[in-house]
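Enquirer: Going down the list, the sequences are from chains S and U.
Heads up: the first sequence is residues 0 to 290, going by numbering that gives the first Met the number 0.
Heads up: the second sequence is residues 0 to 266, going by numbering that gives the first Met the number 0.
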Amino acid sequence: MPSAIVTRGLTKRFGDVTAVDDLDLDVAPGQVFGFLGPNGAGKTTTIRLLLDILRPTAGTVEVLGSSPRDTAVRARIGFLPAELGLDPRHTATDTITYLGALRGGFEPGDVQHLLERFDLDPTRRIGELSTGNRRKVGVVQAFVGRPELLILDEPTAGLDPLLQHELLGLIRERVAAGATVVLSSHILPEVERIADRIGILRRGRLVAHGTVEEMRASARQRIDLHLGAPADPAPFRDLPGVIGVDVEGAVLTVTVEGSVDAVVKAAAQLEVHRLISHDADLENVFLELYR
Amino acid sequence: MIALSRLLADRRRDAFGWAIGTIAGVAAVVGLWPSVEGNQDIEQIVEDLPPSLRALLGSQADIPLSSAPGYLQARLFSTLLPILLIVYAISLGARAIGAAEEDGTLQLPMTGPITRRRIALERIAGSTVLLVAVGAVGWATAAGLGALVGLPDVGAARMALATLAVAGLALLHLAIAAAVGAATGRRGPAVTTASAVAVGGFVLHGLAASAEALRPARALSPWWWLLDRNLLVQDPTFLALGLPPILATIALLLGLATFERRDLRFP
């Protein structure tokens, strides 16, 4: 089966700034591909190249077997942008109906189901909605019509944890039904929960890519051990995977690459009041590897 | 025509406001006619005006201002109506693409299965429909009220011709604003460029009437194309009716060609 997305040598420059640099990407159909990277890494630029909002400086883009300039291809894509840009005077119904009509229509029952699922009042104007509710309108318009390819830029931003959970569930359902998903995020756990493969962008370059398991194996974690009394950091330094140990009073901070098994077992010998694991922040976890 | 009907729906309140303003303005001018009819003092005032101001009033040597065609030309078809329609046209043109790209509202429609050219053409066509509708309201008010107050020597057909010429001039400004907006994706340059053409043309027309040396330059002013003849009594010219739509089409083609090639600049 041909790839849903193929880019070769994809490059985008804005003046002297190279936003996307020689990107080779393959996203297989039915897969969830997670784009990770800090702000300004080139995630949104890449997504915009996939949708023909931007035109490549060099290289090629192929989406669903054709150029994204092909309107027939764009009819098969659902897009949730990071900045929604919805008209504040429209109601959710106006917005969804208009965008749906541009796509050639949709099942009204499909919209109703999504509105109910995300608990969205379709009669209120966008301008009167909270940020979270506006994001819901964005989610509904992206998923309506059951597009084959979903391109989601920071999809969970602005949604509360319950709705994030609902959205991730919806993504899983669509993937189970055969859809391909490309999503961008700067939050690692979110992507870990949903993605089959991860690509990490930094300064426009794909600095790492692979399956979630492959990435997890090489990921760093920082563990804060709040102890009953100051402890000697020396035994921790020699443990497998440990690449750094800091002490501040009774708090021992251990940085680990890969499995934390040995650290947890060593900590079990001490009086541990609290154990805090920081693995959420992508900059800390991943980017140090590629600096 | 989904993008076109959406634009019409979005702008209908706005258009309604402009139509009400136009009705009020036109009614004020036409309603004052009985107090102007045969008033020789006005004739004297116009005589005393410098040539540049007389030109800006669309005043013709052989058509007295106290006659209905002279009065309507001076107060309505060379001042009030063109100014109203040009300002409205620039606002419509700038919002057709430039402003909508700048505020991001074009992003989701444009990532759908519709070409850039199609969405731009539909939005410009919708804007043109609104401009023509407000112009038609102006004409209908002038013609209806004119019949009511008994305007002599000016029929509804002649007023339609004069309104058409004014609408053509406004359309040129709509096209310039839309084209610059399409080329840049920004509202500011669209409004600035079209306003500069409007004000520059107006000033040039006035200056060319007062300074002999500048006379040939008036050919560059769209206002001269409109005001060189009083279409309420004189025959229409190609400059008044034909040239503005042709230039509007050229401006739009250039704007669209850039729009289709460039990167879109959403927030």
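C-beta: ideal position from N, C-alpha, C; glycine also.
Mapping DSSP to helix, strand and coil, what is residue 142(S)?
Expert: Looking at residue 142(S) - three-state DSSP - the assignment turns out to be helix.
Enquirer: To which residues does DSSP link residue 13(S) through a beta bridge?
Expert: Residue 13(S) pairs with 16(S).
Enquirer: Taking 8 angstroms as the threshold (beta carbon to beta carbon), is residue 114(U) in contact with chain S?
Expert: yes
Enquirer: Can you give me the C-alpha to C-alpha distance between residue 77(S) and residue 149(S), rounded to a whole angstrom?
Expert: 5 angstroms
Enquirer: Give the residues of chain U in contact with residue 70(S), contact being defined as C-beta atoms less than 9 angstroms apart.
Expert: 111, 112, 113, 114 and 117
Enquirer: Anything in chain S within Cβ reach of residue 103(U), meaning under 7 angstroms, just list it in chain order.
Expert: 82 and 84
Enquirer: Would you mind stating whether residue 79(S) and residue 138(S) have Cβ atoms separated by less than 8 angstroms?
Expert: yes
Enquirer: For residue 1(U), return the contacting residues in chain S, with the cut-off set at a CB-CB distance below 8 angstroms.
Expert: By Cβ distance, chain S contributes 97, 100 and 101.
Enquirer: What alpha helix (DSSP H) runs, 4 residues minimum, are completely inside the region 175-220 of chain S?
Expert: 187-193 and 211-217
Enquirer: With a cut-off of 8 angstroms, does the C-beta of residue 7(U) fall near any C-beta of chain S?
Expert: Judged by the 8 angstroms Cβ criterion, residue 7(U) is not in contact with chain S.
Enquirer: Quick check: the region 170-177 of chain U against the region 89-100 of chain U, are there 3 or more CB pairs under 8 angstroms?
Expert: yes
Enquirer: Is there at least one Cβ from chain U nearer than 8 angstroms to residue 52(S)'s Cβ?
Expert: yes
Enquirer: Beta-carbon of residue 151(U) versus every beta-carbon of chain S: anything under 8 angstroms?
Expert: no
Enquirer: Here's a check: name, in chain order, each residue in its chain whose Cβ is nearer than 8 angstroms to the Cβ of residue 289(S), leaving out the five neighbours to either side.
Expert: At residue 289(S) the pLDDT is 49, less than 50, meaning the model places this residue with poor confidence; the figure from the coordinates comes in the next sentence. Excluding residues within five positions, the ones whose Cβ falls inside 8 angstroms are 199, 201, 206 and 207.
Enquirer: Please work out which residues of its chain come closer than 7 angstroms, Cβ to Cβ, to residue 259(U), disregarding the five sequence neighbours upstream and downstream, and give them in chain order.
Expert: Result list for residue 259(U): 115 and 116, in chain order.
Enquirer: Enumerate in chain order the residues of its own chain whose CB-to-CB distance from residue 194(U) is below 8 angstroms, with the five nearest sequence positions on each side excluded.
Expert: 89
Enquirer: Where do the N-terminal and C-terminal ends of the beta strand (DSSP E) with residue 58(S) fall, by residue?
Expert: 57-62
Enquirer: List the residues of chain S whose Cβ lies closer than 8 angstroms to the Cβ of residue 108(U), in chain order.
Expert: 97, 98 and 101
Enquirer: Buried or exposed: which applies to residue 132(S), given that a residue is buried once 16 or more other Cβ atoms fall within 10 Å of its Cβ?
Expert: buried
Enquirer: Answer yes or no: does any C-beta atom of chain B fall closer than 8 angstroms to that of residue 15(U)?
Expert: The chain labelled as chain B is not found among the protein chains of the depicted structure, namely S and U.
Enquirer: Is residue 237(U) close to chain S, meaning its C-beta is less than 8 angstroms from at least one C-beta of that chain?
Expert: no
Enquirer: Within its chain, find whatever has a CB closer than 6 angstroms to the CB of residue 254(U); leave out the 5 residues flanking it on each side and keep chain order.
Expert: 178, 181 and 182.
Enquirer: Could one say the Cβ of residue 242(U) lies closer than 8 angstroms to chain S's Cβ atoms, at least one of them?
Expert: For residue 242(U), no Cβ of chain S is located within less than 8 angstroms of the residue's own Cβ.
Enquirer: Cα separation between residue 102(S) and residue 110(S)?
Expert: 14 angstroms
Enquirer: Determine whether the Cβ of residue 263(U) lies closer than 8 angstroms to any Cβ atom of chain S.
Expert: By this cut-off, residue 263(U) is an interface position.
Enquirer: Apply the 10 Å Cβ neighbour rule to residue 247(U) and answer buried if 16 or more other Cβ atoms are within range, or exposed otherwise.
Expert: Buried: at least 16 other Cβ atoms inside 10 Å.
Enquirer: Checking the sheet assignment: what are the DSSP bridge partners for residue 225(S)?
Expert: 250(S) and 273(S)
Enquirer: Got a sec? Which residues, its chain only, sit under 8 angstroms from residue 38(U) by beta carbon, not counting five neighbours each side?
Expert: 65
Enquirer: Report the neighbours of residue 74(S) on chain U: residues whose CB is nearer than 7 angstroms to its CB, in chain order.
Expert: 112
Enquirer: Please classify residue 27(U) as buried or exposed, where buried requires at least 16 neighbouring CB atoms within 10 angstroms.
Expert: exposed
Enquirer: Could you tell me the distance, in whole angstroms, from the CA atom of residue 279(S) to the CA atom of residue 17(U)?
Expert: Here residue 279(S) scores only 45 on pLDDT, less than 50, and its place in the model is too uncertain to base an answer on.
Enquirer: Is any beta-carbon of chain U found at less than 8 angstroms from that of residue 140(S)?
Expert: yes
Enquirer: When you compare only the Cα positions, how much space is there between residue 184(U) and residue 153(U)?
Expert: 44 angstroms
Enquirer: In chain U, what lies closer than 8 angstroms to residue 78(S) by C-beta?
Expert: 107 and 110
Enquirer: Based on DSSP bridge pairs, tell me the residues matched to residue 76(S).
Expert: 148(S)
Enquirer: Out of 231(U), 91(U) and 245(U), which has the shortest C-alpha to C-alpha gap to residue 279(U)?
Expert: Because chain U is modelled from 0 through 266, residue 279(U) falls outside the range shown and cannot be assessed.
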